[in-house]
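A.B. asks: Below is one structure. I have some questions about it.
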Amino acid sequence: MNSAKSPSALVTAFRARLIRREALDELLSCVIFAVASLLIFAVLSIFGQARQMHSFGILRIVFLSYVGLILLLAILVRRGWWHPALRFVNTALQITVLSAFLFAISRERGPSFALTTALPMLYCLVISMTAFRLSPWLSFFAGALAAAELVYLYAFVMLPRLTPEMLATNPALGWPAVFARVVVLFAIGAACAFAAGSLRRQMEKQAADHTRIQLLERTFGRLVAPEVAKQILEDENWMKPARREAVIMFADLKGFTKYSEGKSPEDVAAFLNRCWSIAADIVEKHGGVINKYMGDGFLAIFGVPLELKGAEKAAAETAAELDRELAPVLNPDGLALCIGLHSGPMIVGGIGSEARCEFTVIGSTVNLASRLETLNRSLDTRCLTSSEVADKIAGDWHMKDHGGQQVKGVAREVNVFELRTKKDPASS
Numbered sequence: 173m174n175s176a177k178s179p180s181a182l183v184t185a186f187r188a189r190l191i192r193r194e195a196l197d198e199l200l201s202c203v204i205f206a207v208a209s210l211l212i213f214a215v216l217s218i219f220g221q222a223r224q225m226h227s228f229g230i231l232r233i234v235f236l237s238y239v240g241l242i243l244l245l246a247i248l249v250r251r252g253w254w255h256p257a258l259r260f261v262n263t264a265l266q267i268t269v270l271s272a273f274l275f276a277i278s279r280e281r282g283p284s285f286a287l288t289t290a291l292p293m294l295y296c297l298v299i300s301m302t303a304f305r306l307s308p309w310l311s312f313f314a315g316a317l318a319a320a321e322l323v324y325l326y327a328f329v330m331l332p333r334l335t336p337e338m339l340a341t342n343p344a345l346g347w348p349a350v351f352a353r354v355v356v357l358f359a360i361g362a363a364c365a366f367a368a369g370s371l372r373r374q375m376e377k378q379a380a381d382h383t384r385i386q387l388l389e390r391t392f393g394r395l396v397a398p399e400v401a402k403q404i405l406e407d408e409n410w411m412k413p414a415r416r417e418a419v420i421m422f423a424d425l426k427g428f429t430k431y432s433e434g435k436s437p438e439d440v441a442a443f444l445n446r447c448w449s450i451a452a453d454i455v456e457k458h459g460g461v462i463n464k465y466m467g468d469g470f471l472a473i474f475g476v477p478l479e480l481k482g483a484e485k486a487a488a489e490t491a492a493e494l495d496r497e498l499a500p501v502l503n504p505d506g507l508a509l510c511i512g513l514h515s516g517p518m519i520v521g522g523i524g525s526e527a528r529c530e531f532t533v534i535g536s537t538v539n540l541a542s543r544l545e546t547l548n549r550s551l552d553t554r555c556l557t558s559s560e561v562a563d564k565i566a567g568d569w570h571m572k573d574h575g576g577q578q579v580k581g582v583a584r585e586v587n588v589f590e591l592r593t594k595k596d597p598a599s600s
């Protein structure tokens, strides 16, 4: 059985996956920014405004240089050479490229034209894209840097070229209007930082919850059958006792008391764990569930909690395989596995107190299966079944009829059959 990952290993794996996602998101943000910038260049070229700008050629060089950086980033991501600090570098480059465009347009076409273009809106795009990178500090950095660069451009590039007449006729060029734009950029950065932090915490919580659920299922599944644990976790009302039909298998090691004398508890426990590990695999392979271990024996159910067609046949196949697979382990020490099979109605569910209960099966069907297992010793047999089971499997198995037997706790005689070998289908 593979050992479960430790919590630290799970956290490390989650963080590595998150970093890979951040790298791909960073590359996607570059592509979006480049496409948006390219569309603006295309519109300026189509409508002839590019020819009116002497610095348009320089701006194209700047844009193509940024495209080259995108390709370099793609190579880094593909080869796994990625560091989270590159997010800040890329975001700063995007904002600075926009500021360079805004600077050039402001110098050639004037502050009024520059502030009414789509470039200030692209600041918002760059800031918004930081949210899906799940880094609150990156969003805050983007908002603060965009606001700071816009303030610098306005104070040192645009404002000196604005005359009092221009400010009087167009209030949108004044400090109050520009300051409002700066506040909006900073606020978008803060909002994206909050959104990124909230989403990241939610994802980490979901990962932690998933890990806890897996741990609970593994831990709970060691105390009860994994199928029972899953049913309980999905629906706690499933534990309420109910009347159901199933096949009960009781198994016990004959000669175990003598075997365990003189052996250390550790050796006895190791031997039982070896035997029941084999048994558990066989029972589960045929659709059964081991409900409980009782030292040198166990109780298995076929048909509950998982519905199982042909439960009697599955139980018989399980009994035969248990005898065959455990024989090499048990025979050298003079041990043998005795099995009792019976089917019928029983009470299935949680039995116990309000504070603590156990999923189990009770009723006369369960008691009779236990008595049949014990009867193996007096009849010198390995696997005994009741007529209820024998009638369902008679067409597939050779059985010996031991007639009516007096069983402790049952007033009437019980017809008992010994399970022997499986019939050859060719001879049927």
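The opening residue of the sequence shown carries number 173 in this note's numbering; numbering runs sequentially from there. All C-beta atoms in this analysis are idealised placements derived from N, C-alpha and C, irrespective of residue type, glycine included. For clarity, every value in this text was computed on a predicted model and none was experimentally measured.
#1: Who are residue 573's beta bridge partners in DSSP?
#2: Specify the secondary structure class of residue 472 as computed by DSSP and reduced to three states.
#3: What distance in whole Å lies between the Cβ atoms of residue 537 and residue 522, which are believed to be in contact at a cut-off of 8 angstroms?
#4: Assuming residue 368 and residue 303 form a contact by the criterion Cβ under 8 angstroms, report the distance between their Cβ atoms to the nearest whole angstrom.
#5: At what residues does the alpha helix (DSSP H) containing residue 308 begin and finish?
#6: In the DSSP assignment, the alpha helix (DSSP H) including residue 437 goes from what residue to what residue?
#7: Which runs of the alpha helix (DSSP H) at least 4 residues long sit entirely within the segment 283 to 309? Give them in chain order.
#8: Closest to residue 593 by C-alpha separation, out of 508, 485 and 279, would be which residue?
#9: Closer than 6 angstroms by C-beta to residue 586: which residues in its own chain qualify, once you throw out the five before and the five after it? Chain order, please.
#10: In terms of DSSP beta bridges, what is residue 477 paired with?
#11: Locate the alpha helix (DSSP H) running through residue 278, then write down its first and last residues.
#12: Could you have a look at residue 245 and say whether DSSP puts it in helix, strand or coil?
#13: Between the beta-carbon of residue 495 and the beta-carbon of residue 425, is there less than 7 angstroms?
#14: From residue 595 to residue 559, what does the alpha carbon distance come to, in whole angstroms?
#15: Taking the beta strand (DSSP E) that residue 426 belongs to, which residues open and close that run?
#16: Give the single residue among 443, 322 and 268 whose Cα lies nearest to the Cα of residue 500.
#17: Under 7 angstroms between the Cβ atoms of residue 487 and residue 471?
#18: From this set, 546, 575 and 591, which residue's C-alpha is nearest residue 568's C-alpha?
#19: For the alpha helix (DSSP H) containing residue 607, list its first residue and its last residue.
#20: For the segment 539 to 549 against the segment 416 to 432, do three or more pairs of beta-carbon atoms, one drawn from each stretch, fall closer than 8 angstroms, so that the two count as touching?
#21: Going by C-alpha distance, which of 477, 490, 458 and 510 is nearest residue 122?
#22: How big is the Cα-Cα spacing for residue 465 and residue 381?
#23: Quick check: what's the CA-CA separation for residue 243 versus residue 350?
#24: Determine whether the beta carbon atoms of residue 364 and residue 311 lie at a separation below 7 angstroms.
#25: Helix or strand or just coil, what does DSSP make of residue 356?
#26: What is the residue span of the beta strand (DSSP E) that residue 550 lies within?
#27: Grouping DSSP H, G and I as helix and E and B as strand, with all else coil, what is residue 532?
#28: Inspect the beta-carbon positions of residue 588 and residue 556 and report whether they are closer than 7 angstroms.
#29: Hey, would you say residue 458 sits closer than 7 angstroms to residue 489, going by beta carbons?
#30: Mind checking whether residue 318 and residue 274 have CB atoms under 7 angstroms apart?
#31: Exposed or buried, which one is residue 566 when buried takes at least 16 other CB atoms within 10 Å?
#32: Tell me the rounded alpha-carbon separation between residue 208 and residue 456.
#33: What are the partner residues of residue 594, as DSSP defines its beta bridges?
#34: May I have the straight-line CA-CA distance separating residue 290 from residue 297, to the nearest angstrom?
#35: In angstroms, rounded to a whole number, what distance separates the CA positions of residue 451 and residue 483?
#36: Are the Cβ atoms of residue 354 and residue 329 separated by less than 7 angstroms?
C.D. replies: So, to answer that:
#1: What you label residue 573 is simply residue 401 of the sequence shown in a count that begins at 1. 589.
#2: Counting from 1 along the sequence shown, the entry for residue 472 is found at position 300. Looking at residue 472 - three-state DSSP - the assignment turns out to be strand.
#3: Here residue 522 refers to the residue found at position 350 of the sequence shown. Here residue 537 refers to the residue found at position 365 of the sequence shown. Not really, about 18 angstroms apart at Cβ, beyond 8 angstroms.
#4: Indexing the sequence shown from 1 puts residue 368 at position 196. Indexing the sequence shown from 1 puts residue 303 at position 131. Residue 368 to residue 303, Cβ: 5 angstroms. Contact.
#5: The residue you call residue 308 lines up with position 136 of the sequence shown. Here the alpha helix (DSSP H) through residue 308 covers 308 to 325.
#6: Here the question's residue 437 lines up with position 265 in the sequence shown. Unbroken alpha helix (DSSP H) run through residue 437: 437 to 457.
#7: As summarised for the segment 283 to 309, the continuous alpha helix (DSSP H) elements at least 4 residues long and confined to that stretch are 283 to 288 and 291 to 301, given in chain order.
#8: As a first step, residue 593 is located in the sequence shown; it is residue number 421 there, counting from the start. Comparing Cα positions, the closest option is 485.
#9: On the sequence shown, position 414 is the one that residue 586 refers to. Answer for residue 586: 577 and 579, listed in chain order.
#10: For the purposes of this step, residue 477 is taken as the residue at position 305 of the sequence shown. Residue 477 is not bridged to any residue.
#11: Here the question's residue 278 lines up with position 106 in the sequence shown. For residue 278, the enclosing alpha helix (DSSP H) covers residues 257 to 281.
#12: As a working note, residue 245 is residue 73 in the sequence shown. Residue state, collapsed to three classes: helix.
#13: Here residue 495 is taken as the residue at index 323 of the sequence shown, counted from 1. Here residue 425 is taken as the residue at index 253 of the sequence shown, counted from 1. No, the pair does not count as a contact, with Cβ atoms beyond the cut-off.
#14: Position 423 of the sequence shown, counted from the first residue, corresponds to residue 595. Position 387 of the sequence shown, counted from the first residue, corresponds to residue 559. Cα to Cα, the separation comes out at about 18 angstroms.
#15: On the sequence shown, position 254 is the one that residue 426 refers to. Segment 414 to 426, the beta strand (DSSP E) holding residue 426.
#16: By one-based count along the sequence shown, residue 500 stands at place 328. Of the listed residues, the one whose Cα sits closest to residue 500 is 443.
#17: Working through the sequence shown from its first residue, we reach residue 487 at position 315. Working through the sequence shown from its first residue, we reach residue 471 at position 299. Not in contact: residue 487 and residue 471 (Cβ atoms no closer than 7 angstroms).
#18: For this step, residue 568 is matched to residue 396 along the sequence shown. Checking every option, the nearest Cα to that of residue 568 belongs to 591.
#19: There is simply no residue 607 to check, as the chain begins at 173 and stops at 600 in what is shown.
#20: yes
#21: With the chain running from 173 to 600 in the structure shown, residue 122 is simply not present.
#22: Numbered from 1 along the sequence shown, position 293 holds the residue referred to as residue 465. Numbered from 1 along the sequence shown, position 209 holds the residue referred to as residue 381. Taking the straight line from one Cα to the other gives about 31 angstroms.
#23: Start at 1 with the first residue of the sequence shown, and residue 243 comes out as number 71. Start at 1 with the first residue of the sequence shown, and residue 350 comes out as number 178. Using only the alpha carbons, I get a separation of about 35 angstroms.
#24: For the purposes of this step, residue 364 is taken as residue 192 along the sequence shown, with counting starting at 1. For the purposes of this step, residue 311 is taken as residue 139 along the sequence shown, with counting starting at 1. Result yes, Cβ atoms of residue 364 and residue 311 sit closer than 7 angstroms.
#25: For the purposes of this step, residue 356 is identified with residue 184 of the sequence shown, where counting begins at 1. In this structure, residue 356 counts as helix in the three-state DSSP scheme.
#26: Within the sequence shown, the letter at position 378 stands for residue 550. Residue range 536 to 551 is occupied by the alpha helix (DSSP H) that includes residue 550, with no beta strand (DSSP E) assigned at that position.
#27: Within the sequence shown, the letter at position 360 stands for residue 532. It is a strand residue.
#28: Here residue 588 is taken as the residue at index 416 of the sequence shown, counted from 1. Here residue 556 is taken as the residue at index 384 of the sequence shown, counted from 1. Contact: yes.
#29: Position 286 of the sequence shown, counted from the first residue, corresponds to residue 458. Position 317 of the sequence shown, counted from the first residue, corresponds to residue 489. Closer than 7 angstroms, so yes.
#30: Here residue 318 refers to the residue found at position 146 when the sequence shown is read from its first residue. Here residue 274 refers to the residue found at position 102 when the sequence shown is read from its first residue. No, these two residues do not count as a Cβ contact at 7 angstroms.
#31: Indexing the sequence shown from 1 puts residue 566 at position 394. It is exposed - the Cβ of residue 566 has fewer than 16 other Cβ atoms within 10 Å.
#32: Numbered from 1 along the sequence shown, position 36 holds the residue referred to as residue 208. Numbered from 1 along the sequence shown, position 284 holds the residue referred to as residue 456. Those two C-alpha atoms are separated by around 59 angstroms.
#33: Counting from one through the sequence shown, the residue named residue 594 turns up at place 422. Residue 594 is bridged to 569.
#34: Within the sequence shown, residue 290 is the residue found at index 118, counting from 1. Within the sequence shown, residue 297 is the residue found at index 125, counting from 1. If you take the alpha carbons of residue 290 and residue 297, they lie about 11 angstroms apart.
#35: In the sequence shown, counting from the first residue as 1, residue 451 sits at position 279. In the sequence shown, counting from the first residue as 1, residue 483 sits at position 311. Cα-Cα distance, rounded: 17 angstroms.
#36: Taking the sequence shown and counting its residues from 1, one reaches residue 354 at position 182. Taking the sequence shown and counting its residues from 1, one reaches residue 329 at position 157. Contact: no.
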